[in-house]
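Number of protein chains: 2
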Amino acid sequence: MNDDVDTVSDLGERGLIERIHARIGAPPPDEVWGGDDAAVVTHETASTLLTIDSLVDGVDFDLAYSTGADVGWKVMAANASDIAAMGGRPRHAVASLTLPPDTSLVVVDGVVDGMMAAAERWPVSLVGGDISGGGEIAVTIAMTGEAERDPVLRRGARAGDALCVTGCLGGSAGGLEALRRGLKGEAIGRLKHRHLRPQARVEEGVVLAGAGATSMIDVSDGLAVDVGNLMRASGMGCDIDPDAVPIDPDLDALAEVLDPRAAAILGGEDFELLFTIGESSIGSLIAGTGIAVTRIGTVTAGERTLGGAPLQRWEEMGWEHLRDR
Amino acid sequence: MNDDVDTVSDLGERGLIERIHARIGAPPPDEVWGGDDAAVVTHETASTLLTIDSLVDGVDFDLAYSTGADVGWKVMAANASDIAAMGGRPRHAVASLTLPPDTSLVVVDGVVDGMMAAAERWPVSLVGGDISGGGEIAVTIAMTGEAERDPVLRRGARAGDALCVTGCLGGSAGGLEALRRGLKGEAIGRLKHRHLRPQARVEEGVVLAGAGATSMIDVSDGLAVDVGNLMRASGMGCDIDPDAVPIDPDLDALAEVLDPRAAAILGGEDFELLFTIGESSIGSLIAGTGIAVTRIGTVTAGERTLGGAPLQRWEEMGWEHLRDR
Chain A
20 MNDDVDTVSD LGERGLIERI HARIGAPPPD EVWGGDDAAV VTHETASTLL TIDSLVDGVD
80 FDLAYSTGAD VGWKVMAANA SDIAAMGGRP RHAVASLTLP PDTSLVVVDG VVDGMMAAAE
140 RWPVSLVGGD ISGGGEIAVT IAMTGEAERD PVLRRGARAG DALCVTGCLG GSAGGLEALR
200 RGLKGEAIGR LKHRHLRPQA RVEEGVVLAG AGATSMIDVS DGLAVDVGNL MRASGMGCDI
260 DPDAVPIDPD LDALAEVLDP RAAAILGGED FELLFTIGES SIGSLIAGTG IAVTRIGTVT
320 AGERTLGGAP LQRWEEMGWE HLRDR
Chain B
20 MNDDVDTVSD LGERGLIERI HARIGAPPPD EVWGGDDAAV VTHETASTLL TIDSLVDGVD
80 FDLAYSTGAD VGWKVMAANA SDIAAMGGRP RHAVASLTLP PDTSLVVVDG VVDGMMAAAE
140 RWPVSLVGGD ISGGGEIAVT IAMTGEAERD PVLRRGARAG DALCVTGCLG GSAGGLEALR
200 RGLKGEAIGR LKHRHLRPQA RVEEGVVLAG AGATSMIDVS DGLAVDVGNL MRASGMGCDI
260 DPDAVPIDPD LDALAEVLDP RAAAILGGED FELLFTIGES SIGSLIAGTG IAVTRIGTVT
320 AGERTLGGAP LQRWEEMGWE HLRDR
């Protein structure tokens with residue numbers, strides 16, 4: 020044995036599994052987490068939400084400016100956000116880690132720490148997983164969730180519904196730009212945090228489902244693209260007012276290098292919830308729930324437009340993971 | 020648009036998702052598959068089995084001698100095998116594909132075809148997924164399953180139980196060796212098929228759970244390692260008779276390059292089921308169920324041995340994905 024164990028290949032697969040398993044915690048008596056061929060989990064509702072999301076080194080994150088813990092947090096947040104966008108609460112997660120042999124155990128431990136911190140935040144139980152070798156680090160989470168009432172799908176928007184978004188947008192894109200340029204400052208620090216440690220809007224999603232949201236999606240690929248995805252799924256058009264889009268106020272600190280409005284309309288990974296809701300419900304929703312909600316437009320039976328121009332022109336500027344590398 | 024669309028980057032993420040979504044098929048009325056933030060699935064039992072497994076190019080497969088369809092089949096089979104090893108039946112799956120921009124659509128379509136063929140075989144419903152960019156192809160499946168009775172865990176083996184395995188072993192390792200060496204022939208073709216298109220022993224697992232198996236695991240890392248995993252989880256020892264280990268008869272065709280017994284004891288990815296069962300049940304199990312079962316040893320309260328030598332010596336020769344690359 021090597022006294023100076025510090026990479027994945029030093030520890031080996033079984034040692035690594037034991038190291039991670041020790042950090043997962045104990046399951047309730049009627050469940051089995053880790054250490055078996057599959058996890059055994061229980062559920063309380065008649066249907067289960069199921070999603071999967073991967074982050075890949077060099078594409079979705081860069082260890083030059085994010086830690087393993089940032090990566091672990093973010094992949095958990097991205098999955099929790101998918102569950103939130105259905106109006107559900109996360110329940111259980113399994114993780115698959117692809118780790119090159121020379122991966123530092125500092126990074127591996129960080130990924131697990133970040134996943135566990137995020138799991139505690141929402142909360143969700145990490146119940147098992149798998150480790151593979153590979154040439155690049157990749158972290159995949161599959162997550163189950165449960166909705167108390169019918170899940171809010173993408174396809175339910177109706178002409179006349181208000182089109183709304185939670186929180187404010189563009190912060191994550193601003194944070195990424197600041198990280199790439201090595202910028203510093205108080206507002207810039209908050210933007211970086213929004214990129215590295217995004218929040219899934221789970222409580223908001225549950226409230227919006229209860230308030231009668233007719234369709235919902237999380238803003239992961241950028242507002243323009245995700246409005247397009249939501250309206251295409253519903254077979255609807257929309258008019259969006261670009262001046263109504265809520266822009267992250269901290270983007271002012273980056274105004275010399277990044278147009279705040281463009282960042283809010285095109286930037287991805289804010290993980291806010293974009294949803295539609297009947298005109299009659301929108302007033303009490305904004306006034307009565309304590310959730311930051313902004314109306315940005317209206318669902319129509321016509322074309323999809325943003326500021327009078329075809330939405331598609333904006334979508335084509337958006338962030339497609341594969342086309343523009 | 021390019022008339023000669025043939026790589027992932029030509030099609031883009033949305034085009035790729037639509038292309039795959041079109042092949043998934045329609046869900047029952049109370050479920051939602053694909054095209055939303057998460058899939059909505061139903062379940063029939065009080066608990067759910069949950070597992071995840073990844074295959075990575077250059078580590079777990081090589082496109083020089085396997086097709087995309089082989090890869091898609093195998094990742095589905097590996098997950099179904101984990102569910103089978105709990106005595107469960109696969110229900111729903113989500114897939115995450117990591118695809119470099121220059122990945123041929125022939126490979127992508129093949130992966131989906133292979134997943135769908137395997138999904139039909141067991142059966143399991145592929146209900147959603149996710150696509151990421153990356154530097155190497157990786158395919159991850161997370162799968163849910165359901166067991167009619169209590170899942171069979173790894174930790175239930177008792178001293179005196181018979182230690183048994185389904186089918187015969189070493190075929191997958193032989194097939195890999197034959198593929199690497201470019202060997203040909205009828206028996207060798209069957210070995211290659213066993214490596215490229217493994218079978219998950221779902222029906223067998225259900226029968227074994229019903230017959231009273233006290234612990235169970237699938238043989239994915241090799242018999243020696245997986246016996247060790249099963250006995251460690253149960254806190255038990257064992258005596259294994261190497262002459263009783265069922266060797267794939269087609270390995271005779273490779274005897275000049277690979278010791279058949281070593282392949283059966285050390286080779287991975289046979290996906291047969293290794294299980295323990297009370298002495299009193301073993302006779303009727305072998306006689307009465309029509310499942311090919313071989314007793315290879317006995318669970319003890321002592322050391323773990325194979326042919327009188329410490330099992331650990333064999334395990335250290337086994338196939339650890341990360342240490343020996």
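Protein sequences, first through last, are from chains A and B.
Take any residue in the first sequence, count from 1 to its spot, add 19: that is its number in our numbering.
Take any residue in the second sequence, count from 1 to its spot, add 19: that is its number in our numbering.
Glycine included, every Cβ here is placed at the ideal spot set by N, Cα and C.
{"Asked": "Beta-carbon contacts of B:I36 that lie in its chain and below 7 Å, excluding the five residues immediately before and after", "Found": "I150"}
{"Asked": "Option nearest B:T70 by Cα separation, candidates B:T61, B:A99, B:I259", "Found": "B:A99"}
{"Asked": "Own chain partners of B:A104 with C-beta closer than 7 Å, once the 5 adjacent residues on each side are dropped", "Found": "G224, M235, I236, D237, L292"}
{"Asked": "Burial state of A:G129 (16 or more Cβ within 10 Å)", "Found": "buried"}
{"Asked": "For B:I207, three-class secondary structure by DSSP", "Found": "helix"}
{"Asked": "Counterpart residues of B:F290 in DSSP-defined beta bridges", "Found": "Paired residues: none, contrary to the question."}
{"Asked": "Check whether B:A283 and B:L188 have beta carbons under 8 Å apart", "Found": "yes"}
{"Asked": "Neighbouring residues, chain B, relative to A:M105 (Cβ below 8 Å)", "Found": "D55, D56, A57, V59"}
{"Asked": "Chain B contacts from the stretch 106-138 of chain A (Cβ-Cβ distance under 8 Å)", "Found": "G107, H111, V113, A114, S115, T117, L118, P120"}
{"Asked": "B:L172: contacting residues in chain A (beta-carbon distance under 7 Å)", "Found": "V51, D55"}
{"Asked": "Min CB distance A:I236 to chain B below 8 Å", "Found": "yes"}
{"Asked": "Contact residues within the stretch 64-81 of chain A, judged by C-beta distance below 9 Å to chain B", "Found": "A65, S66, T67, L68, L69, T70, I71, D72, S73, L74, V75, D76, G77, V78, D79"}
{"Asked": "Positions along the stretch 238-256 of chain B whose CB lies within less than 7 Å of some CB in chain E", "Found": "Looking at the structure shown, chain E is missing, and the protein chains on hand are A and B."}
{"Asked": "Contact with chain A by B:T233, beta-carbon distance below 8 Å", "Found": "no"}
{"Asked": "Contact with chain A by B:G148, beta-carbon distance below 8 Å", "Found": "yes"}
{"Asked": "Proximal residues, the stretch 178-198 of chain A versus chain B, C-beta separation under 7 Å", "Found": "none"}
{"Asked": "Length at least 4, wholly inside the stretch 255-324 of chain B: the alpha helix (DSSP H) runs in chain order", "Found": "279-285, 298-307"}
{"Asked": "Which listed residue (B:W52, B:I296, B:D258, B:S144) has its alpha carbon closest to that of B:R108", "Found": "B:S144"}
{"Asked": "Beta-bridge pairing of A:C187 - partner residues as DSSP gives them", "Found": "Answer by DSSP bridge pairing: none, since A:C187 is not bridged."}
{"Asked": "Every unbroken alpha helix (DSSP H) inside the stretch 73-117 of chain B [4 residues or more]", "Found": "87-103"}
{"Asked": "Chain-ordered residues of the stretch 285-305 of chain A with a beta carbon less than 8 Å from chain B", "Found": "none"}
{"Asked": "Residue from A:G297, A:R323, A:L172 with nearest C-alpha to B:V59", "Found": "A:L172"}
{"Asked": "The stretch 205-220 of chain B in contact with the stretch 256-263 of chain B per 3-pair CB rule at 8 Å", "Found": "no"}
{"Asked": "B:G153 beta carbon less than 8 Å from that of A:A157", "Found": "yes"}
{"Asked": "Run of the beta strand (DSSP E) containing B:S28, from where it starts to where it stops", "Found": "Not the beta strand (DSSP E): B:S28 falls in the alpha helix (DSSP H), residues 27-43."}
{"Asked": "Proximity test, Cβ basis, 8 Å: B:P48 and chain A", "Found": "no"}
{"Asked": "Cβ contact (3+ pairs, closer than 8 Å) linking the stretch 246-257 of chain B and the stretch 325-332 of chain B", "Found": "yes"}
{"Asked": "Separation of A:W141 from A:H40, as counted between CA atoms", "Found": "20 Å"}
{"Asked": "Sequence-distant residues of its chain with Cβ nearer than 6 Å to B:G316 (five each side left out)", "Found": "L182, C257, D258, I259, D260"}
{"Asked": "Limits of the unbroken alpha helix (DSSP H) element including A:S253", "Found": "242-253"}
{"Asked": "Top-ranked residue by Cα proximity to B:G193, from B:I296, B:V90, B:L270", "Found": "B:L270"}
{"Asked": "Chain-order list of residues whose beta-carbon lies under 6 Å from that of B:S253 (same chain, five-residue window excluded)", "Found": "R174, A176, S234"}
{"Asked": "Supposed close pair A:V231, A:I296 - CB separation, criterion 8 Å", "Found": "According to the sequence provided, residue 231 of chain A is Gly. The question's Val does not apply to it. Going by Cβ atoms, the distance from A:G231 to A:I296 rounds to 6 Å, so yes, they are a contact pair."}
{"Asked": "Alpha-carbon to alpha-carbon, B:S239 and B:L341", "Found": "The predicted position of B:L341 is uncertain, since its pLDDT is 38 and thus under 50; no value can be drawn from it."}
{"Asked": "Whole-angstrom distance between B:P47 and A:W92, CA atom to CA atom", "Found": "34 Å"}
{"Asked": "Straight-line Cα distance separating A:P120 from A:L82", "Found": "16 Å"}
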